[in-house]
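Below: one structure, written as structure tokens.
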Amino acid sequence: DVDGLYVPVYSTIKRCLKCSYTFVSSSVKCPVCGSENIHDKRSVIESLRSLAKEVDLVILGTDADAEGEKISWDLCVAIKPFTREVKRAEFHEVTRRALRESFKNLREIDLNLVEAQITRRIEDRWIGFELSQKLWKVFGSRRLSAGRVQTPVLGWIISRMHESKRSVREFFELKLENGLKIVISEDRMHRKELRHYMENLKNVQAEITDLRAEVVEVNPPPPFTTDSMLKDASTYMGLGATETMTLAQDLFELGLITYHRTDSHRVSQVGIEIARDYITSKFGSDFVAPRVWHAEGAHECIRPTRSLDATRIKELMTLGLMKFAKRLTHKHLSLYELIFQRFIASQMKHVKVEKSSFKVKIQNKVTDVEGYSNIIENGFNLVRPIRTIPPVKEGVVRIVNVRHWRAPSVPLYTQGDIIALMKERGIGRPSTYAKIVETIFERGYILASKNRKSLIPTRMGIKVFDYLNDRFGPFISEETTRKLEEAMWLIENGKLNYQDVMRTLKIEIDSIRSMS
26 DVDGLYVPVY STIKRCLKCS YTFVSSSVKC PVCGSENIHD KRSVIESLRS
76 LAKEVDLVIL GTDADAEGEK ISWDLCVAIK PFTREVKRAE FHEVTRRALR
126 ESFKNLREID LNLVEAQITR RIEDRWIGFE LSQKLWKVFG SRRLSAGRVQ
176 TPVLGWIISR MHESKRSVRE FFELKLENGL KIVISEDRMH RKELRHYMEN
226 LKNVQAEITD LRAEVVEVNP PPPFTTDSML KDASTYMGLG ATETMTLAQD
276 LFELGLITYH RTDSHRVSQV GIEIARDYIT SKFGSDFVAP RVWHAEGAHE
326 CIRPTRSLDA TRIKELMTLG LMKFAKRLTH KHLSLYELIF QRFIASQMKH
376 VKVEKSSFKV KIQNKVTDVE GYSNIIENGF NLVRPIRTIP PVKEGVVRIV
426 NVRHWRAPSV PLYTQGDIIA LMKERGIGRP STYAKIVETI FERGYILASK
476 NRKSLIPTRM GIKVFDYLND RFGPFISEET TRKLEEAMWL IENGKLNYQD
526 VMRTLKIEID SIRSMS
């Protein structure tokens, strides 16, 4: 606190070469093992200052978000006295075209974004440090931590587990002679009762009634944002959030996709032309249906930077016509193809389908079924296939196979589900989604199941959440966290003074500190 203003104090990042611990204190000794064999990032700053003396203009091209703006500001402060001019270049893809365009439109650093990020980091340290100290004292482990976002997210996972445990039922997949598969569920049964029920199912018939059909147009989903990319990578590739973001970072740095930390669906004119080129060459111009999705904002969706699918990239790499600074793995290319297909589909015409709805009666149980039974006119389904059901007719059909399993009707969350919830409920940011999930794993609060990668809270995770929720609930509630995110947005847009927010937060932190 300097003259009523909150001013952050920084030191260089240091890493102990003996135990690999990273710290930022001014000490030249490792606080963990006491070693003086330390690598100090000050040498990097000195190198940048030496280079800055050689030129009249330094261009800062850090990531195009609040975190990147703050890094540019830090660099500017470090080198400004050593060069004549420092400017900011903003680009959303690492391509020649994008870089040239950004160099034509150099700007000053956006202090609103910087102030928002400073507030976010200080608040994160304040709340995290105070609550973590409480945990260390109660549970006797300095490995534990708490935070405005990670704690509510942990609460969702715990709540879902309890709900899932209460929802276990018997499920039966019935395959009918017309190829249709119906899933019905019943309350839990004893072994003898279950055996009798399954034998009975094999001897009954299904009756299809109230068949209705209509022709509808199905539009493609929008291109990826960070949360939807993470969810689909979890669903279709079985990837965790951290691994997905690492792969996406590589794809961005290699110039294959646009910036991957975004909550915007917007497609630029450049993106539209990339899609038009690919769709026209692959399927014909009749399948092109350009969509901007959302016209406002500087940020774009996650999309490819050229009209090359993963197969073509592999061919060009094999021929030696395309080379990258980093080796592209199978996972890199699979994620790229996921992004590519989603984007191309978003720029294709709708699909005209026949939609059928009907009732299936088996004994006294009636199941409503709805699905697409026939593709009438192709569109984006040529890139992202639409699941269809077999054509059916009203009448009686035999059950040819019965498959049984016991499972919760309310499944446990996956990493993708959690990130989608964070987006939906307005806590966390594209740049922090993966880190939040990673932190909860690292603290030992949750585990992932082997097969489905479902999130399961540990005993320690449940104990920590119950303790925090009982004693500090108002400070870590979802509503409080959401309001803080809204305040950050106002600071970013110059509608709120960040020092006013800091004063309010300091009062809150002092209140936590005084609690036992």
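Using my numbering, read the sequence shown as starting at 26 and increasing by one per residue. Backbone N, C-alpha and C define an ideal beta-carbon position, used for all residues, glycine too. Computed from a prediction, not measured in an experiment: that's the story for all the values here.
Cβ neighbours of Ser210 in the same chain (closer than 7 Å, five flanking residues each side left out): Arg194, Glu195, Phe196, Ser434
Through-space distance from Ile338 to Glu71, alpha-carbon basis: 40 Å
Through-space distance from Leu480 to Met254, alpha-carbon basis: 19 Å
Beta strand (DSSP E) runs contained entirely in the stretch 404 to 492, provided each spans 3 or more residues: 420 to 433, 471 to 473, 480 to 482
Where the alpha helix (DSSP H) through Lys227 begins and ends: Judged by DSSP secondary structure, Lys227 falls within the alpha helix (DSSP H) whose first and last residues are 216 to 227.
Sub-8 Å separation of His375 and Glu239 beta-carbons: no
Distance CB(Ile516)-CB(Glu155) smaller than 8 Å: In this structure, Glu155 does not lie closer than 8 Å to Ile516 by Cβ.
Environment of Trp430 [buried if 16+ CB atoms lie within 10 Å]: Looking at its Cβ environment, which holds fewer than 16 other Cβ atoms inside 10 Å, Trp430 is exposed.
Residues of its chain near Gly263, where Cβ-Cβ distance is below 7 Å and the 5 sequence neighbours each way are ignored: Lys478
Local conformation of Pro177 per DSSP, three classes: helix
Span of the beta strand (DSSP E) around Gln230: 230 to 243
Residue burial classification, His221 (beta-carbon count within 10 angstroms, cutoff 16): exposed
Best match in Ile104, Val102, Ile444 for proximity to Val174 [C-alpha to C-alpha]: Ile444
For Glu202, the first and last residue of its enclosing beta strand (DSSP E): No beta strand (DSSP E) holds Glu202; DSSP gives it neither H nor E.
Residue range of the alpha helix (DSSP H) that includes Gly153: 136 to 164
Where the beta strand (DSSP E) through Gly396 begins and ends: Counting along the chain, the beta strand (DSSP E) containing Gly396 begins and ends at 390 to 402.
Under 8 Å between C-beta atoms of Lys65 and Lys39: Note on residue identity: the sequence assigns Asp, not Lys, to residue 65. Yes, the pair counts as a contact, with Cβ atoms nearer than the cut-off.
Three-way DSSP call (helix, strand, coil) for Cys44 in this model: coil
Burial state of Asn406, where buried means 16 or more other Cβ atoms lie within 10 Å: So Asn406 ends up on the buried side.
Three-state secondary structure assigned by DSSP to Asp525: helix
Three-way DSSP call (helix, strand, coil) for Asp535 in this model: Collapsing the DSSP output to three states places Asp535 in a helix.
Same chain only: Cβ atoms within 6 Å of His117, ignoring 5 sequence neighbours per side: Contacts found: Ala89, Thr283, Tyr284, Glu325.
Cβ neighbour criterion (16 or more within 10 Å) applied to Pro177: buried
Limits of the unbroken beta strand (DSSP E) element including Asp65: 63 to 65
Residue environment, Lys4, which counts as buried when at least 16 other CB atoms sit within 10 Å: Summary: the structure shown does not reach residue 4, with the chain confined to residues 26 through 541, and so no result is reported for it.
Nearest to Thr37 (by Cα), restricted to the options Val27, Val49, Leu30, Ser45: Val49
Close Cβ partners of Leu279 (< 8 Å) along its chain, the five nearest in sequence each way excluded: Val119, Phe349, Ala350, Lys351, Leu353
Enclosing alpha helix (DSSP H) for Phe383 [first to last residue]: Counting along the chain, Phe383 falls outside any alpha helix (DSSP H), though it belongs to the beta strand (DSSP E) covering 376 to 387.
Identified DSSP bridge partners for Pro329: According to DSSP, which records beta bridges pairwise, Pro329 is partnered with Ile282.
Terminal residues of the beta strand (DSSP E) in which Ser192 lies: Counting along the chain, Ser192 falls outside any beta strand (DSSP E), and DSSP gives it neither H nor E.
Inter-stretch contact at 8 Å, needing at least 3 Cβ pairs: the stretch 384 to 400 / the stretch 296 to 308: no
Ile369, DSSP secondary structure in three states: helix
Cα-Cα separation, Leu358 to Ala335: The straight-line gap from Cα to Cα measures roughly 6 Å.
Bounding residues of the beta strand (DSSP E) (the contiguous stretch that carries Glu211): 206 to 211
Cβ-based neighbour list, Leu272, same chain, cut-off 7 Å, excluding 5 preceding and 5 following: Lys356, His357, Leu360
Ser166 versus Leu160 - alpha carbon distance: 8 Å
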